[in-house]
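Everything below concerns the one structure shown next.
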Amino acid sequence: MAEINYASLSGIHSVAAAVVFAVIYAPLILFYIHQSIKRPTYVFIVLSFFCTLRVTAFVMRAILAGSTSAGENLNLMIAEQIIYSTGFFGLLYSAYTLVLDRELIRSRPPPPGPLGLLSRLTRSRYLIRIALMAAVALGITGAINSSEAKTVSAAQNGLKLRQISIYIFLAVCVLLAGETLSLVVGELLDTRDVSSETIAMAPGQKPYPVQAPLSSGKHVLRTLLLIALLLLLREVFFAATTGSSSATTQAKANNEALFYPLSALPELLAVCLFAVRGLVPDRRQVKESQIERSGV
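Set out below in structure tokens:
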């Protein structure tokens with residue numbers, strides 16, 4: 001009886017593409033480890049961990065694609081799926097943390113009333129972390145159940161768990177995009193308001209404009225928006241394919257001609273954008289803002 005090549009069934013065929021991504025991610029590990037030592041922040045530490053997981057996943061993917069015996073190893077196939085899906089947690093939460101840190105530095109309180117309550121919920125790191133952990137757990141369970149399913153019903157249950165996981169990730173990506181847009185608009189309004197103010201001098205002297213306080217440069221704001229959009233693109237791809245009710249559409253999630261440009265590449269670009277100068281605030285600055293916000 002012929003062995004089943006699980007890698008081939010899952011659309012894993014290209015050795016070259018997997019190797020290229022593994023090679024690109026390798027120096028990023030060193031870069032973010034260096035940044036973590038030089039400027040120890042949660043964002044840099046988690047990004048170094050994410051890059052390590054991505055190198056591991058793409059090396060495993062290359063092995064699965066290049067070796068028939070490896071492709072027939074169900075445990076190796078499941079391990080690759082788990083490592084790949086787990087890594088996105090770190091990338092998405094790093095982006096969310098970055099936006100919340102910059103919101104904290106702005107020191108603008110949330111709006112009053114229902115909007116304020118909603119704002120506090122979407123800015124709760126604890127709730128976002130719980131949601132992402134639930135998404136990872138459901139995704140891992142769904143991947144294992146789908147791979148080991150002996151019946152159609154079991155396979156469908158595994159797929160449903162994976163779909164729920166994808167929708168949770170998508171919801172967090174939408175929240176990230178909303179928070180990022182709110183931050184960008186707020187900073188632009190703050191800059192405009194301050195730049196329009198003037199200080200009146202003694203009689204006979206002309207008033208002069210107030211200098212705007214240090215805030216995020218336009219390149220930082222654009223970078224934050226771009227990161228949010230790239231992560232949203234990645235998750236929309238999976239929601240439109242794996243999250244579909246059509247088996248034909250679901251299969252497109254495993255099509256490498258779509259997977260690499262719509263999932264792997266947006267992730268890689270987002271990781272590279274975190275290296276933009278001035279994007280990640282200093283840890284001390286964030287802590288000082290937390291103390292000021294708490295009124296200590």
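Residue numbers (the numbering used here): 1 to 296. Idealized CB from N, CA, C, for every residue including glycine. No experiment lies behind these values; they were computed from the predicted model shown.
As a quick exercise: from the options, pick the residue whose alpha carbon is nearest that of residue i.
{"i": "residue 232", "options": "267, 54, 39 and 57", "result": "267"}
{"i": "residue 158", "options": "167, 170, 138 and 176", "result": "138"}
{"i": "residue 143", "options": "277, 22, 133 and 85", "result": "85"}
{"i": "residue 219", "options": "235, 188 and 259", "result": "188"}
{"i": "residue 11", "options": "72, 272, 256 and 140", "result": "256"}
{"i": "residue 73", "options": "281, 249, 147 and 225", "result": "147"}
{"i": "residue 3", "options": "126, 68, 101 and 154", "result": "68"}
{"i": "residue 20", "options": "258, 288 and 264", "result": "264"}
{"i": "residue 247", "options": "155, 29, 125 and 124", "result": "155"}
{"i": "residue 175", "options": "164, 52 and 120", "result": "120"}
{"i": "residue 278", "options": "13, 60, 102 and 261", "result": "102"}
{"i": "residue 13", "options": "153, 37, 60 and 133", "result": "60"}
{"i": "residue 145", "options": "160, 132, 131 and 133", "result": "160"}
{"i": "residue 66", "options": "82, 149, 118 and 6", "result": "6"}
{"i": "residue 89", "options": "122, 133 and 240", "result": "133"}
{"i": "residue 224", "options": "25, 177 and 37", "result": "177"}
{"i": "residue 179", "options": "140, 164 and 123", "result": "123"}
{"i": "residue 280", "options": "75, 36, 80 and 244", "result": "36"}
{"i": "residue 285", "options": "41, 149 and 150", "result": "41"}
{"i": "residue 34", "options": "22, 48, 153 and 24", "result": "48"}
{"i": "residue 245", "options": "118, 114 and 162", "result": "162"}
{"i": "residue 164", "options": "131, 44 and 152", "result": "131"}
{"i": "residue 168", "options": "152, 114, 243 and 104", "result": "243"}
{"i": "residue 297", "options": "9, 23, 118 and 229", "result": "Outside the modelled stretch of the chain, which goes from 1 to 296, sits residue 297, for which no answer is possible."}
Less than 8 Å between the CB atoms is what I'm expecting for residue i and residue j, so what's the real figure, rounded?
{"i": "residue 227", "j": "residue 172", "result": "The Cβ separation is near 14 Å, so there is no contact."}
{"i": "residue 87", "j": "residue 135", "result": "Actually they do not touch by this definition, with Cβ atoms about 13 Å apart."}
{"i": "residue 70", "j": "residue 78", "result": "Not really, about 13 Å apart at Cβ, beyond 8 Å."}
{"i": "residue 50", "j": "residue 166", "result": "19 Å between Cβ atoms; not a contact."}
{"i": "residue 46", "j": "residue 96", "result": "The pair is not a contact, with the Cβ atoms about 11 Å apart (cut-off 8 Å)."}
{"i": "residue 276", "j": "residue 170", "result": "Not quite, the Cβ-Cβ distance comes to about 25 Å (not below 8 Å), so this is no contact."}
{"i": "residue 54", "j": "residue 282", "result": "Residue 54 to residue 282, Cβ: 26 Å. No contact."}
{"i": "residue 186", "j": "residue 125", "result": "About 19 Å; that fails the 8 Å criterion."}
{"i": "residue 99", "j": "residue 221", "result": "The Cβ separation is near 11 Å, so there is no contact."}
{"i": "residue 91", "j": "residue 270", "result": "7 Å"}
{"i": "residue 17", "j": "residue 260", "result": "6 Å"}
{"i": "residue 52", "j": "residue 29", "result": "5 Å"}
What are the boundary residues of the alpha helix (DSSP H) that includes residue i?
{"i": "residue 218", "result": "218-241"}
{"i": "residue 271", "result": "265-273"}
{"i": "residue 8", "result": "6-9"}
{"i": "residue 251", "result": "247-251"}
{"i": "residue 255", "result": "No alpha helix (DSSP H) holds residue 255; DSSP gives it neither H nor E."}
{"i": "residue 142", "result": "125-148"}
Do we get a CB-CB distance below 8 Å when we pair residue i with the residues of chain C?
{"i": "residue 73", "result": "Absent from the structure is chain C; it holds one protein chain and no more."}
May I have a chain-ordered list of the alpha helix (DSSP H) segments no shorter than 4 residues that lie completely inside the region 36-84? 42-66 and 68-71
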